[in-house]
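Residue numbers for the sequence shown follow UniProt numbering, beginning at 1 and rising by one.
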Amino acid sequence: MPKNTREPSSPSEDAAASIDAAVSMDTVASRIRERMGDCTPSERKVARTLLAAYPVAGFETVAGLADLAEVSGATVVRFATRLGYSGFPDFQKALRGELEQRSASPTTLYERTGSNRLAPAGDLAAFVEPSVEDLRSTFAGLSEHDFETTIEMLANPKRRIWLVGGRYSVFLAEYLSASLQQLRPNVQMVPEMASLRGATMAGFDAKDVLVAFDFRRYEADTRNLVHHAKTRKAGVVVITDKWVSPCASDADAVLTSIASERGPFDSVVPVMALVEVLFETLVHRIGDPARHRIEQIEQTVQQLDLI
């Protein structure tokens with residue numbers, strides 16, 4: 001179960017904390033959060049500006065970032081060194097490295113992880129141990145606040161639940177959708193067809209919740225859907241990887257899975273386990289209505305002779 005907790009904060013800090021709490025590696029965002037308490041008031045303004053538009057704001061010039069944060073250029077440079085970088089160029093170099101990781105293609109990963117792959121007759125334990133460690137990292141890094149926010153939205157019978165995934169992750173969205181439909185009504189996938197998708201999104205309001213799966217090589221279509229949902233006051237949950245989808249800046253909750261690199265595609269073991277934990281928690285949270293719906297579905301299946 002998730003263990004990280006955090007105090008209530010401003011909306012921009014809240015979203016930033018959601019992003020950072022989910023990341024269990026040495027990113028610029030994690031350094032910012034770790035050192036926030038040691039910063040001067042002016043440096044904290046730089047930190048909040050960076051986290052509110054992460055990582056894009058970090059690619060501003062010193063003067064540009066200073067203007068955004070309403071501080072001096074010297075403050076921006078001091079902040080970069082406080083994070084442990086030799087200067088602002090070194091800070092931006094670290095950000096560029098993160099972006100390269102975020103956009104790595106399967107071909108790149110295949111070449112980079114060659115020594116990590118099992119031989120055809122390899123030891124299965126060599127696969128199991130990294131997977132177990134990925135699971136530990138995933139659940140240790142989850143924000144309790146974001147997990148609870150997600151459960152509250154998905155368990156609320158007054159909310160309409162919509163799910164969407166990308167080219168690679170759509171099957172995860174479909175699996176969670178099918179699972180949730182067993183527990184409660186008003187759960188659907190966002191339609192793939194453009195005309196139906198447009199009609200669906202046009203009707204979004206505060207009663208709707210969009211759950212978006214978005215993993216590295218993040219997809220513009222998913223980003224657009226999430227942003228539109230946010231402008232319509234819908235709830236937004238983003239399930240992503242350790243590099244964190246750009247959709248996170250519009251999310252009410254960010255749930256991140258941690259997968260080590262072992263081949264051309266990131267493992268789905270951690271995110272599938274996360275989906276299972278969401279489902280099991282919702283079974284208990286919804287309670288009797290979930291049991292009644294399962295019974296009703298079973299009766300209907302038998303009446304229709306579907307099994």
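By construction, the Cβ of each residue, glycine as well, lies at the ideal position given by its N, Cα and C atoms.
Out of the options, which has the shortest C-alpha to C-alpha gap to residue i?
i: D252; options: T149, H228, E280, D266; result: T149
i: V209; options: Q182, M193, R159; result: R159
i: V226; options: A290, R48, D250; result: D250
i: G97; options: G166, T27, E70; result: T27
i: R232; options: C39, D205, V132; result: D205
Evaluate residue i with the Cβ neighbour count: other Cβ atoms within 10 Å of its Cβ, from every protein chain shown; 16 or more gives buried, anything less gives exposed.
i: Q92; result: buried
i: A29; result: buried
i: F171; result: exposed
i: F79; result: buried
i: E219; result: buried
i: A178; result: exposed
i: M193; result: exposed
i: I294; result: exposed
i: H145; result: buried
i: G165; result: buried
i: R33; result: buried
i: V190; result: buried
Give the range of the beta strand (DSSP E) segment to which residue i is assigned.
i: residue 311; result: The chain is shown only over 1 to 307; residue 311 falls outside these bounds and no answer can be derived.
i: R160; result: 160-164
i: F213; result: 208-213
i: G235; result: 235-240
Check whether the Cβ atoms of residue i and residue j sit closer than 7 Å, and answer yes or no.
i: R187; j: I151; result: Rather than Arg, the amino acid found at residue 187 in this sequence is Val. The answer is no: Cβ separation not under 7 Å.
i: S245; j: D134; result: no
i: D241; j: R217; result: no
i: V238; j: A212; result: yes
i: V283; j: A290; result: yes
i: L183; j: I286; result: yes
i: V71; j: K45; result: yes
i: L95; j: P55; result: yes
Measuring straight from C-alpha to C-alpha, what distance separates residue i and residue j?
i: T281; j: V128; result: 25 Å
i: M36; j: G141; result: 19 Å
i: E7; j: E298; result: Unreliable placement is indicated for E7, whose pLDDT of 44 sits below 50; the coordinate value is still reported in the next sentence. So the two alpha carbons sit approximately 43 Å from each other.
i: A21; j: S143; result: With a pLDDT of only 46 at A21, under the threshold of 50, the placement of this residue in the model should not be trusted; the figure read from the coordinates follows. In a straight line, the C-alpha of A21 is about 6 Å away from that of S143.
i: Q302; j: Q296; result: 10 Å
i: P270; j: F147; result: 15 Å
i: T138; j: L306; result: 38 Å
i: R197; j: A125; result: 44 Å
i: T84; j: Q181; result: At residue 84 the sequence reads Gly, which differs from the Thr that was named. So the alpha carbons of these two residues sit roughly 48 Å apart.
i: T49; j: Y168; result: 32 Å
i: G64; j: A57; result: 9 Å
i: H292; j: E276; result: 20 Å
For the alpha helix (DSSP H) containing residue i, list its first residue and its last residue.
i: A74; result: 73-82
i: T281; result: 269-286
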